[in-house]
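The opening residue of the sequence shown carries number 355 in this note's numbering; numbering runs sequentially from there.
Ideal placement from N, C-alpha and C gives every residue a C-beta, glycine not left out.
Please read all numbers here as calculations on a predicted model, not as lab measurements.
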Amino acid sequence: MNCRNCESPINQFMSFGKMPIANNFSITKNYTDYVFNLDPCYCEKCNLFQLYHQPEPKLLFHENYAFHADTSSGMMSHFYDLAKKIKKEFITKDDKVLEIGCNDGGVIEGLSAMGVSSYGMDPSKNVVDKCIEKGLKVDCDFFSVNTANKLLEKYGKFKIFVALNTFAHIPDLNSLLKGIDLILDENGIIILEDPYLLDVINKTSYDQIYDEHVFIFSLNSISNLFKKIGFKLFHAQHRETAGGTMRYFLSKKKINETKDLQHLLEIENNSNLNNVKTFEKFKNNCEKSRELLLNKLYNLKKDKKVVAGYGATSKSTTILNYCDIGPDLIQYITDTTITKINKFTPITAIPIYDHNFFLKNLPDTSLLFAWNHEKEIRDKEKKYINGGGNFFTHLIKDS
């Protein structure tokens, strides 16, 4: 396979092996109806990190989609802060905002409350239904050039296009870019936010690599990508949300690059991120991370310690299957999302219980799968920590 962006040959530098769909939590032990090879690749020409294979998007996003953003107060605050920024800096009277992958409210929930004309699109019916219950205007569909045409007929042109933790999910880049170009007016602004490749490399956060993340972007790859439709990066913000993300601001209308963008580009360009050897080193660090995690879990088992997982995240599926961790090493996982409770992790078959179960069956230690919400979780679980419980993660620093 060639690069999804520039058609150049791509470098497959490692494989995580067979993987189930990350959010395919099942009601039956050891049940899975689909596996694929999780093989990350890198294009040296356009700097795009991508998966060699990705399941059909309809297998990932549907009426039973497991992730609901409103279960995290931190995420909701994050969305609302961006909504305030958009209204303050980019919106004038009668401007409209489109957010794709809005999940159960996203940025448009805050913007709508502020009186901004806002519309959403998401392919998962269950979260769209929640948006509609909130009074938001949302269509249930995948964004593409075809659906952009439908939106254009329905609403006209938009001033702002927003995609948070969504742009990286869409494999058909040509249709995606054409749709964005079609839907925005001549002064249009694109605001994207996705996991940042340099964070993944530096933290060895290989769990960010799973079926939904067909791409993990960098400043350079985003810049190269949007040249196709005449949009240029003018600003970027590094965020700690979701384990390290980059927020990108692009416009077709000439806007001078900010000092923040120039500084971030300098860091990225000095990081050897565009060097194949960096990815070879990342592969070695992933293997080291797996070895360290398994050694810790086997030692805890030897000492007869009860270990729980905290957060049945999509990212946890990569960790559990790459490391071959089952209920013999982690007795259960606790989560607050109703679509996951009383189910099992795909293939590895670890039971998932609600937060009350965790409180009544406190483990000796907890593997923090939701490490990107660590501060929020530690604040929530002070009683557990003060009573001798602790959290640990699979992360290791770049070495």
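Tell me, please, whether the segment 445-452 touches the segment 495-514 by the rule of three or more beta-carbon pairs shorter than 8 Å.
yes
Buried/exposed call for G598, threshold 16 Cβ in 10 Å
With 16 or more other CB atoms across the displayed protein chains lying within 10 angstroms of its CB, G598 is buried.
What first and last residue would you give for the beta strand (DSSP E) that runs through Y550?
Note, Y550: premise wrong, no beta strand (DSSP E); not H, not E.
Residues of its chain near F379, where Cβ-Cβ distance is below 8 Å and the 5 sequence neighbours each way are ignored:
A420, A666, T693, K694, K697, F698, T699, P700 and I706
Checking 8 Å against the spacing of the C-beta atoms, do D548 and F521 come in under that value?
yes
Under DSSP, the beta strand (DSSP E) around C395 begins and ends at which residues?
P394 to Y396
Can you have a look at H617 and say buried or exposed, based on whether 16 or more other CB atoms are within 10 angstroms of its CB?
By the neighbour-count rule (16 or more Cβ atoms within 10 Å), H617 is not buried but exposed.
Starting from the C-beta of L527, find all residues in its chain whose C-beta is less than 8 Å away, skip the five residues before and the five after it, and write them out in chain order.
R358, N359 and L579
Have a look at the DSSP bridge pairing and note the partners of F390.
M373
Do you know offhand how far G741's Cα is from N715's?
13 Å
Taking Cβ positions, are C485 and C456 nearer each other than 8 Å?
Yes.
Pick out the complete beta strand (DSSP E) segments inside the segment 688-750, 3 residues or longer, and give them in chain order.
719-722
If you drop the 5 nearest sequence neighbours on each side, which residues of the same chain put their C-beta closer than 6 Å to that of L392?
F370 and M373
In angstroms, rounded to a whole number, what distance separates the CA positions of K734 and A724?
13 Å
Could you tell me which residues DSSP pairs with N356 in its beta bridges?
N356 is bridged to P363.
Would you kindly work out how many angstroms separate the C-alpha atoms of R732 and L722, rounded to a whole number?
Rounded to the nearest whole angstrom, the C-alpha separation of R732 and L722 is 10 Å.
Locate the alpha helix (DSSP H) running through S331, then write down its first and last residues.
The structure shown does not extend to residue 331, since the chain is modelled only from 355 through 753, so no value can be given for it.
Count the CB pairs spanning the segment 645-653 and the segment 667-680 that are closer than 8 Å, and state whether there are at least three.
yes
Range covered by the alpha helix (DSSP H) that runs through V559:
First, the residue type needs correcting, since residue 559 is Ser and not Val in the sequence shown. It is not in any alpha helix (DSSP H) - S559 carries neither H nor E in the DSSP assignment.
Looking only at C-alpha atoms, which of E507, N628 and I543 sits nearest to A517?
The shortest Cα separation from A517 among E507, N628 and I543 belongs to I543.
Extent of the continuous alpha helix (DSSP H) run through A502:
Element bounds for A502: V499 to Y509.
Just mark T382 as buried or exposed, buried being the case when its beta carbon has 16 or more other beta carbons within 10 Å.
exposed
Report whether the distance from the Cβ of A502 to the nearest heavy atom of the ligand ADP is below 7 Å.
This structure lacks the ligand ADP; in fact it carries no ligand of any kind.
Write down the C-beta distance between S466 and L436 rounded to the nearest angstrom, noting that I regard them as a contact closer than 8 Å.
So it is not a contact: roughly 14 Å between Cβ atoms.
Considering only the beta carbon of each residue, do Y406 and M368 sit closer than 8 Å?
no
Going by other Cβ atoms of all chains shown within 10 Å of its Cβ, with 16 needed for buried, is P394 buried or exposed?
The residue is buried, with at least 16 neighbouring Cβ atoms inside 10 Å.
6 Å Cβ shell around D752 - same chain, five flanking residues per side excluded
Here the model assigns D752 a pLDDT of 45, short of 50, so the residue's position is not dependable, and the following value carries that caveat. Excluding sequence neighbours, D752 sits near N556.
Does DSSP put S471 in a helix, a strand or coil?
strand
Cβ-based neighbour list, L546, same chain, cut-off 6 Å, excluding 5 preceding and 5 following
A517, F521 and Y602
Residue from G460, E594 and I583 with nearest C-alpha to Y473
Selected option, being the one with the closest Cα: G460.
Tell me where the beta strand (DSSP E) around K586 begins and ends.
K586 to R593
Measuring straight from C-alpha to C-alpha, what distance separates F636 and T558?
7 Å
Taking just the CA atoms, how far does P525 sit from D458?
In a straight line, the C-alpha of D458 is about 22 Å away from that of P525.
Status (buried if at least 16 other CB within 10 Å, exposed otherwise) for T671:
Buried, by the Cβ-count rule.
Which two residues bound the contiguous beta strand (DSSP E) that contains K450?
K450 to I454
Ends of the alpha helix (DSSP H) at C640?
V630 to K656
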